[in-house]
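Q: My questions will all concern the structure given below.
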Amino acid sequence: MSTAHSEEELLEVTPKTEVNRVPEYQSHKVSDLYDVLDSALVAHIAYVRDGVPIVIPMGFARIDNALVIHGSSGAGMSLLAREGVTVTATVTVLDGLVYEESLFASSLNYRSAMIFGSATLVEGEAKLEALRVISERLMPGRWDETPEPTKKEMAATSVLSIPLDEVSVKLRGGGPDCDPIEGLWTGHVPISMTLGEARTAPGVQAPVSDSVRQAHELFERQMCAPDDRE
């Protein structure tokens, strides 16, 4: 997998990654790319199978300068990845609703990344480590509370890596662009993703795991727009 870039570096612009619609929203900062990926939980992965475009929502994590996903070793994308499969991945964080002077002008606040590349299989010790990172990304602390994956589970699971070498990042934040209009409210409403109270499964006597507390802390710290972070 690719080594992480310095967050001070700039993303390379290619014909695929150059934004044409509202180009001022495009960011070339590696730090903004990493922020988008580290603030989201789901990526939509697109590839072509038998001439038909397929898009799959998947949990993911970032390891250095690569996006890693996991799934069934018998799934179509995993089988194609043995030879390397061309994919496009999108990741979006919705940060708010923007109320402008008209519905036509109204918008959303968001952070998004579009990734172009080839997904390849991760094998050996790197595969187990990737699964641990994905687990810690979605349920921090849970890996140490549960048994390590068995050989059978590992054989049934594939891990794919997508390098972050050709990426487009687009951001929109803040309030409306229009001037105040008498008698009409304009502004923006923040959106944030939060965790609810843990609900213990029927028959379970054990107390709520510490990993649930860690998950709440992660969401409070990172799953919000940069402007809303302490």
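Using the numbering used here, you'd call the opening residue of the sequence shown number 127 and step up by one each time. Positions of the beta carbon are idealized from the N, C-alpha and C atoms, including for glycine.
#1: Report the residue from D270, R268, V248 whose alpha carbon sits nearest the alpha carbon of G197.
#2: Could you check whether I171 and A215 sit closer than 8 Å to each other, using their CB atoms as the reference points?
#3: Leaving out five residues before and five after E271 in sequence, what residues of the same chain have Cβ atoms less than 8 Å from its Cβ?
#4: Run the CB neighbour count on N235, radius 10 Å, all protein chains shown included, and call it buried at 16 or more, exposed below.
#5: Can you grab the Cα-Cα spacing for the pair L167 / L344, in whole Å?
#6: Check the DSSP bridge columns for E292 and list the partner residues they point to.
#7: Going by the beta-carbon positions, is the gap between L286 and I182 smaller than 8 Å?
#8: Mapping the DSSP letters down to three states, classify M203 as helix, strand or coil.
#9: Once you ignore the five residues that flank Q348 on each side, which residues in its own chain have a CB closer than 7 Å to its CB?
#10: Please classify I307 as buried or exposed, where buried requires at least 16 neighbouring CB atoms within 10 angstroms.
#11: To the nearest angstrom, report how far apart G267 and A256 are at their CA atoms.
#12: If you measure from the CB of R298, is any heavy atom of the ligand PLP nearer than 7 Å?
#13: Report yes or no: do the segment 319-328 and the segment 280-300 share at least 3 C-beta pairs separated by less than 8 Å?
#14: Taking only three categories from DSSP, how would you classify D158?
#15: Rounding to the nearest angstrom, what Cα-Cα distance links K253 and T246 in this structure?
#16: Buried or exposed: which applies to G136, given that a residue is buried once 16 or more other Cβ atoms fall within 10 Å of its Cβ?
#17: Please report the residue range of the beta strand (DSSP E) in which I180 lies.
#18: Do you know whose CA, among P141, G185, T312, L206, lies nearest V217's CA?
#19: Is K296 near Q152, with beta carbons less than 8 Å apart?
#20: What are the start and end residues of each continuous alpha helix (DSSP H) run of 4 or more residues lying completely inside the segment 256-303, in chain order?
#21: Report back the beta-carbon spacing between L193 and A169 to the nearest angstrom; my notes put them in contact at under 8 Å.
#22: Return the residue from the list R208, G243, S233 that minimises the CA-CA distance to T140.
#23: Rounded to the nearest angstrom, what separates E226 and R147 at their Cα positions?
A: According to the data block:
#1: V248
#2: yes
#3: S335, D336, S337
#4: buried
#5: 12 Å
#6: F242
#7: no
#8: helix
#9: D164, S165
#10: exposed
#11: 15 Å
#12: Of ligands this structure carries none, so the ligand PLP is not represented either.
#13: no
#14: helix
#15: 12 Å
#16: A quick correction: the sequence has Leu, not Gly, at residue 136. L136 is exposed by the Cβ-count criterion.
#17: 178-189
#18: G185
#19: yes
#20: 277-281
#21: 7 Å
#22: G243
#23: 19 Å
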